[in-house]
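Presented below is the structure to which this report refers.
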Amino acid sequence: MLSRWLTAVVLCLMAATAQADANADHWQYTVRPGDTLWNLCERFAQDPVFCWRQLAANSAVDDPYRMSPGKVILIPLAWLKEQPMPARAERVNGQVWLLVGNNDPEPVENGAEIAFGDTIETGEAGSVVVRFADNSEVAVKPDTVLKVNHYRRFVDVGNEPTELQLERGAIRNTVTPRDTDARVFRVYTPGVMTAVRGTEYHVRVTDDAVTLSEVVKGEVEVAAARSATPVPAGYGTLARDGQAPAQPVKLLPAPEVTLKAGGRSLRAEWPPVEGAEAYSVELFDADGVLRQSEQISEPQWRAKPQAGEYQLLVRAIDARGLRGQERLLDATVSKGAWPWDALLFIGGAGLLLAL
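Read left to right, the sequence shown gives residues -20 to -1, 1 to 335 (mature numbering (1 follows the signal peptide of the UniProt record, and there is no 0)).
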């Protein structure tokens, strides 16, 4: 009796492994209204005639001219005109780790591939940008945990969704516009989902599991507790598990920042923004790498970055915690002819050393 049970378990495991291997070598296409096998093969396959005949024989389709929306068709990757592209890590800075399954976290380097189901975690000063095949990208901010459930692997093929799970922290999404009849880029947070076709927006999860969404361009749909709320550009909303999203509110205006750079320092100041409780300041280098990120209470900021080209992003934060519209400025920091703030006098002889 035991031997029969063990045999059955082994066969099930072998079947599951074979199915997983088969799915890894195939593209899973979800049928949409109006699709036929011929249309699919004509759009996506190198040899439409061969593709149509084989799929008709192997896909268990009762009527290849009338397929039920939602049915999944497996098309071998080798048949496709375009091959899948993995998501990759770019602009890595500070402590960034990748968690694959139950394995120990590994440090992330530029160019690293991100697979379905991988989790990205950043340290208090870490950041990374994840880029997808269609050039959509997600900027993962410091102290964030983001699971990549699924993503679009093709530029021109099909309707694969990108689905991310933000467990902690903040991300900024720049989504390439896609199909007009489907929201194909989704971010899940505790009890909340944001969905878009193509836009730029921020999503953040607070320590008490409140989801804040702020829209820079386009429109975002925020759904929670079986209620969906459209949020247009320049507006933001809050949502939490078990409650409908709050009515969108207009974001605070971008601060009127005056920026001064030189002498190995960078200084910014601006008139207080009415309604602001604090300000968010982010400093990016010439390659778009996030070098500094902080929240301050006063309308002024100063730093001493290394010489180079930078961009400074400043936003006001309202009483709800929503970050306002963006003010982005270019700056150049030079060493200066005599960097007096970096000089050291040694001994009575007056030996002068430049650090």
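We put the beta carbon where it would ideally sit given N, CA and C, even for glycine.
Beta-carbon spacing of residue i, residue j below 8 Å
i: tryptophan 77; j: glutamate 86; result: yes
i: lysine 121; j: glycine 149; result: yes
i: glutamate 262; j: glutamine 272; result: yes
i: glycine 106; j: asparagine 82; result: no
i: alanine 67; j: tyrosine 168; result: no
i: glycine 103; j: asparagine 129; result: no
i: alanine 175; j: glutamate 140; result: no
i: glycine 255; j: arginine 71; result: no
i: methionine 47; j: valine 80; result: no
i: threonine 179; j: valine 155; result: yes
i: tyrosine 259; j: alanine 296; result: yes
i: serine 207; j: alanine 189; result: no
i: leucine 60; j: valine 41; result: no
i: alanine 36; j: proline 44; result: yes
i: arginine 282; j: arginine 244; result: no
i: leucine 270; j: valine 253; result: no
i: alanine 92; j: alanine 69; result: yes
i: methionine 65; j: alanine 25; result: no
i: residue 387; j: glutamate 143; result: One cannot answer for residue 387 here, as it falls past the ends of the chain, which runs -20 to 335.
Proximal residues to residue i (C-beta, below 7 Å), its chain only, five neighbours per side dropped
i: glycine 171; result: Ala204, Arg220, Asp221, Gly222
i: glycine 301; result: Thr186, Leu192
i: glutamine 63; result: Leu57
i: glutamate 22; result: Pro28
i: tyrosine 181; result: Asn153, Ser193, Glu194, Val195, Val196, Val200
i: threonine 312; result: Ala241, Glu289
i: aspartate 1; result: At aspartate 1 the pLDDT is 39, less than 50, meaning the model places this residue with poor confidence and gives no usable figure here.
i: aspartate 84; result: none
i: histidine 6; result: Leu54, Ile55, Pro56, Leu57
i: residue 351; result: Since the first residue shown for the chain is -20 and the last is 335, residue 351 is missing from the structure and cannot be characterised.
i: aspartate 310; result: Gln291
i: aspartate 15; result: Met47
i: glutamine 8; result: Val52, Leu54
i: aspartate 136; result: Glu62
i: leucine 239; result: Ala248, Leu292, Leu309, Ala311
i: proline 210; result: Glu199, Glu201
Own chain residues within Cβ distance below 6 Å of residue i, not counting five before or after
i: glutamate 147; result: Val125
i: arginine 307; result: Ala234, Pro235, Val237, Val294
i: tryptophan 250; result: Pro235, Glu236, Val237, Pro279
i: glutamate 274; result: Val261
i: glutamine 75; result: Gly103, Gly106
i: alanine 119; result: Val109, Arg152
i: threonine 99; result: Leu79, Lys127
i: serine 116; result: Val155, Thr156
i: proline 212; result: Glu199
i: arginine 184; result: Ala150, Leu192
i: serine 277; result: Ala258
i: residue 372; result: In the structure as shown, the chain starts at -20 and stops at 335, and residue 372 therefore has no counterpart that could be examined.
i: phenylalanine 123; result: The amino acid at residue 123 is misidentified as phenylalanine; the sequence shows aspartate. Here the set comprises Glu104, Gly149.
i: alanine -5; result: The predicted model places alanine -5 with a pLDDT of 35, which falls under 50 and marks its position as unreliable; any figure quoted below should be read in that light. Within the same chain, alanine -5 has no close Cβ partners at all.
i: arginine 303; result: Glu194, Ser260, Arg295, Ile297
i: glutamine 145; result: Lys127, Asn129, Tyr168
i: proline 228; result: Val211, Tyr215, Thr217
Enclosing beta strand (DSSP E) for residue i [first to last residue]
i: arginine 132; result: Neither: arginine 132 is in no beta strand (DSSP E) and is coded neither H nor E.
i: proline 210; result: 207 to 212
i: proline 56; result: 52 to 56
i: leucine 246; result: 245 to 249
i: leucine 146; result: 142 to 154
i: threonine 124; result: Neither: threonine 124 is in no beta strand (DSSP E) and is coded neither H nor E.
i: arginine 177; result: Note, arginine 177: premise wrong, no beta strand (DSSP E); not H, not E.
i: glutamate 101; result: 99 to 102
i: alanine 204; result: 199 to 204
i: threonine 10; result: 6 to 10
i: glycine 216; result: 215 to 220
i: arginine 111; result: 107 to 111
i: arginine 46; result: Here arginine 46 belongs to no beta strand (DSSP E), and DSSP marks it neither H nor E.
i: threonine 169; result: 165 to 169
Where the alpha helix (DSSP H) containing residue i begins and where it ends
i: glutamate 62; result: Element bounds for glutamate 62: n/a, residue is neither H nor E.
i: arginine 23; result: 17 to 24
i: glutamine 34; result: 28 to 38
Sequence-distant residues of its chain with Cβ nearer than 8 Å to residue i (five each side left out)
i: proline 13; result: Pro49
i: alanine 299; result: Gly255, Glu257
Check whether the stretch 190 to 204 and the stretch 212 to 219 touch, using three or more Cβ-Cβ pairs below 8 Å as the test. The stretch 190 to 204 makes contact with the stretch 212 to 219; the number of CB pairs closer than 8 Å reaches 3 or more.
Entirely enclosed beta strand (DSSP E) segments - the stretch 254 to 322, minimum 3 residues: Here the runs fully enclosed are 258 to 265, 270 to 276, 280 to 283, 288 to 297, 307 to 313.
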